[in-house]
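Numbering (our numbering), first residue to last: 34 to 483.
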């Protein structure tokens, strides 16, 4: 059998399928190591603090490679991080005065080279003081050196100034939304961004020694991350990455549990025959006419939507399936083989004959069937999620599709939200199908010439 498996190298499609499967396994291992399960759940189900720097319904960053008009990328500048980074530059100058009074000048500078306006502008400030409340004056500086006053604030506690929601600033910008008016070229009738270097200056006055203020400026763009974001500002990359080990685990465990159990039950029925074989066949025939998916929907609706409960239910409902009939036909032929008669003659036990002589004989048939059934259960898990019966805790490919469908992603032009998980699902199914078909040709002599 070892040499037969090596024949898979003769099938380019199977080799391509193996490469894709290896890539999926590599992604799964990488995800589990770099984003532990607890961390993934915290990110995916976190509150405002977890997603406050993430734009809403943003497309993936790579869409800019295919667009003539470049969408705005998200820019985050923080006084607690390096002064220079890919997004821009942060400078902080402290001037000490008399009686403990000091002045802190913070400048967030960045290059704006995009053709669209950002989604929102936000400034997070955290003061450090004992009694004297810091006073902040925020000013916006455009590439043509216009200085636009934003707001004066007394920062008594950690505070978020949402520049885009400042109604007074909107009036000063001729009733334009701040995220548009602060970037608009004043000499154009049709609003368009003025490209160049922008600065957000904070003039902070503190009234005691040791007082300080940390600030973070966030410009929410139209694109974010490798996979974009959803309506809850969640990075879809997390769900796409964690959906890989979940989908493969669900498919592999369900396929192994179903295939191996079905084979053992069929072998026991054939060997012992009589009432046991008859009972197995009657149960199988009844189970074959029962609607599989509606029964799973009942389990998810009335009992639990846990992925492990759904996995167990899928295995139980699939064990007495049509596969028992096929395995039974093969075992009936193997049972009459000469080596089985020889095993009987030297007194081999029933258990030894079934598990040592009977079952191993059909392993070449089992391997292609096992590989081919894995994508069936992968799609089943995604189908349950799309129907609203997915695990409410775990991020999966099907959950992404369900969220996109529920929030009208296609109607709003957010095609990435649906196409990314759907493409990965189809690629996974294609990979296992190509490998399974090749293995079927290798182990089934009747198909070798096809």
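Yeah, the Cβ is synthetic: ideal placement off N, Cα and C, and Gly gets one too. These numbers were taken from a predicted model, which means no experiment stands behind them.
Sheet register partners of residue i (DSSP bridge)
| i | result |
| --- | --- |
| residue 264 | DSSP, once it has assigned bridges, lists no residue as partnering residue 264. |
| residue 1 | The requested residue 1 is not part of the displayed model; the chain covers only 34 to 483. |
| residue 226 | 217 |
| residue 186 | 169 |
| residue 234 | 140 and 172 |
| residue 108 | 252 |
| residue 181 | 173 |
| residue 92 | 256 |
| residue 153 | 253 |
Cα-Cα separation between residue i and residue j, rounded to whole angstroms
| i | j | result |
| --- | --- | --- |
| residue 137 | residue 124 | 10 Å |
| residue 281 | residue 341 | 14 Å |
| residue 422 | residue 367 | 42 Å |
| residue 429 | residue 277 | 8 Å |
| residue 225 | residue 212 | 12 Å |
| residue 413 | residue 432 | 12 Å |
| residue 210 | residue 120 | 23 Å |
| residue 173 | residue 206 | 12 Å |
| residue 144 | residue 343 | 51 Å |
| residue 370 | residue 405 | 28 Å |
| residue 233 | residue 468 | 57 Å |
| residue 220 | residue 152 | 22 Å |
| residue 259 | residue 94 | 6 Å |
| residue 111 | residue 126 | 14 Å |
| residue 55 | residue 171 | 53 Å |
| residue 273 | residue 389 | 42 Å |
| residue 483 | residue 475 | Annotation note: pLDDT 49 at residue 483 (below 50); position unreliable, no value reported. |
Residue from the options with nearest C-alpha to residue i
| i | options | result |
| --- | --- | --- |
| residue 442 | 294, 265 and 330 | 265 |
| residue 155 | 145, 107 and 459 | 107 |
| residue 248 | 179, 102, 330 and 167 | 167 |
| residue 400 | 473, 462 and 409 | 473 |
| residue 101 | 427, 146, 127 and 195 | 146 |
| residue 63 | 409, 271, 306 and 435 | 271 |
| residue 245 | 330, 403, 377 and 163 | 163 |
| residue 296 | 283, 396 and 190 | 396 |
| residue 328 | 417, 406, 287 and 263 | 417 |
| residue 191 | 169, 201 and 183 | 169 |
| residue 105 | 139, 74, 261 and 298 | 261 |
| residue 434 | 48, 461 and 419 | 419 |
| residue 256 | 92, 279 and 230 | 92 |
| residue 383 | 142, 300 and 187 | 300 |
Exposed unless 16 or more other CB atoms sit within 10 angstroms - verdict on residue i
| i | result |
| --- | --- |
| residue 471 | buried |
| residue 453 | buried |
| residue 304 | buried |
| residue 324 | exposed |
| residue 90 | buried |
| residue 135 | buried |
| residue 484 | No statement about residue 484 is possible, as the shown extent of the chain runs from 34 to 483 and does not include it. |
| residue 131 | exposed |
| residue 336 | exposed |
| residue 98 | exposed |
| residue 362 | exposed |
| residue 283 | buried |
| residue 50 | buried |
| residue 189 | exposed |
| residue 45 | exposed |
| residue 252 | buried |
Closer than 7 Å: residue i CB and nearest the ligand MG heavy atom
| i | result |
| --- | --- |
| residue 415 | Absent from the structure shown: the ligand MG. Ligands present: none. |
Measuring CB atoms only, is the segment 155 to 165 touching the segment 236 to 253, in the sense that at least three cross pairs come out at less than 8 Å? yes
Give a yes or no on contact between the segment 254 to 268 and the segment 52 to 71, applying the rule of three or more CB pairs nearer than 8 Å. no
Sufficient close CB pairs (3 or more, under 8 Å) joining the segment 279 to 294 to the segment 350 to 357: yes
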